[in-house]
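J.: Count along the sequence shown from 1, then add 2; that gives the number in my numbering.
Backbone N, C-alpha and C fix where the C-beta goes; we use that ideal spot for every residue, glycine too.
These numbers were taken from a predicted model, which means no experiment stands behind them.
Have a look at the structure that comes next, please.
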Amino acid sequence: MVSAVQFAVGIVGNVISMCLFFSPAPTFVKIYRTKTVGEYSAVPYIATLMNCLLWLFYGSPFVKMGVLVVTINGAGVIIQTSYLLIFLIYAKDIKKLRNTLLMILVAILLYIVVVSVNMLAIDKKHDREVIVGILCVIVGTSMYISPLTIMETVVRTKSTDYMPLPLSIFNLLNGIVWTTYALIGHDLFITIPNALGVLFAVCQLTLYMCYCGASKRNQITSPKTPRGMSFASQNGA
């Protein structure tokens, strides 16, 4: 019964996480249409790719079998790779292209090292679970902390234009569902980053309520400014 409930919660988590993974799609449609990445950065997508790769390994039979963790993060790897391929194709600046390729290479090499060390030097699955789980917590928490920069911008500009409400709501739902999934399965490593995700999402929504009125007044009294790029806390587990 418990496993059935956990599986059902995980299915819901997969759906919500997919929505988060696809949230940057309009940005890449814009890049495709303009044929340039402009001032956009590839760092969030590289970090998210690394996050998904680690959770993919964590959910594998070699560490701690978790079918739903594998399915959503496998999808995340494909989606983030697609974003990065588009970014590389339209990165006109040679320096930005070189730096992006270097960061991708470093991320892949780090992942290969993590997998190799765990598979070749660590025999016990429990020890692998602890090591990979700690790495997942560190990277996953960084994904949820990243919107804090957007919150600083909201306070500074007194505008919520840089923090879309639907994204904050999906972040909250994602954190709640995956925290529930982890608590049912007594998985501390999935619980920690997603519980923090709930906390940060609540902070974002509170900030939104504080400044949404001021943002509307600014739209009436001043010319509309282009929106900055905001990123979801894309964590598939």
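Rounded to whole angstroms, what's the CA-CA distance from I88 to M145? Just pull it up for me.
T.: Stepping through the sequence shown from its first residue, residue 88 is reached at position 86. Stepping through the sequence shown from its first residue, residue 145 is reached at position 143. For I88 and M145, the gap between their C-alpha atoms comes out near 22 Å.
J.: Hey, is the segment 12-21 in contact with the segment 70-77, meaning 3+ C-beta pairs nearer than 8 Å?
T.: yes
J.: May I ask you to report which of helix, strand or coil DSSP gives F64?
T.: As a position in the sequence shown, residue 64 is number 62, starting the count at 1. Secondary structure at F64: coil, using DSSP grouped into helix, strand and coil.
J.: Alpha helix (DSSP H) containing M165: first to last residue?
T.: Taking the sequence shown and counting its residues from 1, the one referred to as residue 165 is at position 163. For M165, there is no enclosing alpha helix (DSSP H), as DSSP gives it neither H nor E.
J.: Could you tell me which whole beta strand (DSSP E) segments of length 3 or greater appear in the segment 52-115?
T.: Secondary structure remark: continuous beta strand (DSSP E) runs of at least 3 residues inside the segment 52-115: none found.
J.: When the distance is taken between beta carbons, is A123 closer than 8 Å to V39?
T.: Along the sequence shown, read from residue 1 onward, the residue named residue 39 stands at position 37. Along the sequence shown, read from residue 1 onward, the residue named residue 123 stands at position 121. No. Outside cutoff.
J.: Below 8 Å on the Cβ atoms is my contact criterion, and I expect V2 with L58 to pass it. Report the Cβ-Cβ distance as a whole number of Å.
T.: The structure shown does not extend to residue 2, since the chain spans only 3 to 239, so no value can be given for it.
J.: If we count the other Cβ atoms within 10 Å of its Cβ and call it buried at 16 or more, is L174 buried or exposed?
T.: Along the sequence shown, one-based indexing puts residue 174 at 172. With 16 or more Cβ atoms within 10 Å of its Cβ, L174 is classed as buried.
J.: When the distance is taken between beta carbons, is N196 closer than 8 Å to T181?
T.: The residue you call residue 181 lines up with position 179 of the sequence shown. The residue you call residue 196 lines up with position 194 of the sequence shown. For T181 and N196, yes; Cβs fall inside 8 Å.
J.: State the DSSP-derived secondary structure class of S43, mapped to helix, strand or coil.
T.: Counted from its first residue, the sequence shown places residue 43 at position 41. Three-state result, S43: coil.
J.: Expressed to the nearest angstrom, what Euclidean distance is found between the alpha-carbon atoms of L169 and S5?
T.: What you label residue 169 is simply residue 167 of the sequence shown in a count that begins at 1. What you label residue 5 is simply residue 3 of the sequence shown in a count that begins at 1. When rounded, the distance between both Cα atoms is 30 Å.
J.: Expressed to the nearest angstrom, what Euclidean distance is found between the alpha-carbon atoms of M20 and L112?
T.: Here the question's residue 20 lines up with position 18 in the sequence shown. Here the question's residue 112 lines up with position 110 in the sequence shown. Between the alpha carbons of M20 and L112 lies a distance of about 25 Å.
J.: When the Cα atoms are used, what is the spatial distance from C212 to D189?
T.: One-based indexing of the sequence shown puts residue 212 at position 210. One-based indexing of the sequence shown puts residue 189 at position 187. When rounded, the distance between both Cα atoms is 35 Å.
J.: Under 8 Å between the Cβ atoms of V7 and I186?
T.: Residue numbering aside, residue 7 sits at position 5 when the sequence shown is read from its first letter. Residue numbering aside, residue 186 sits at position 184 when the sequence shown is read from its first letter. Yes, they are a contact pair.
J.: Could you give the distance in angstroms between the alpha-carbon of V157 and the alpha-carbon of P26?
T.: The residue labelled residue 157 in the question sits at position 155 within the sequence shown. The residue labelled residue 26 in the question sits at position 24 within the sequence shown. Answer to the nearest angstrom: the Cα atoms are 23 Å apart.
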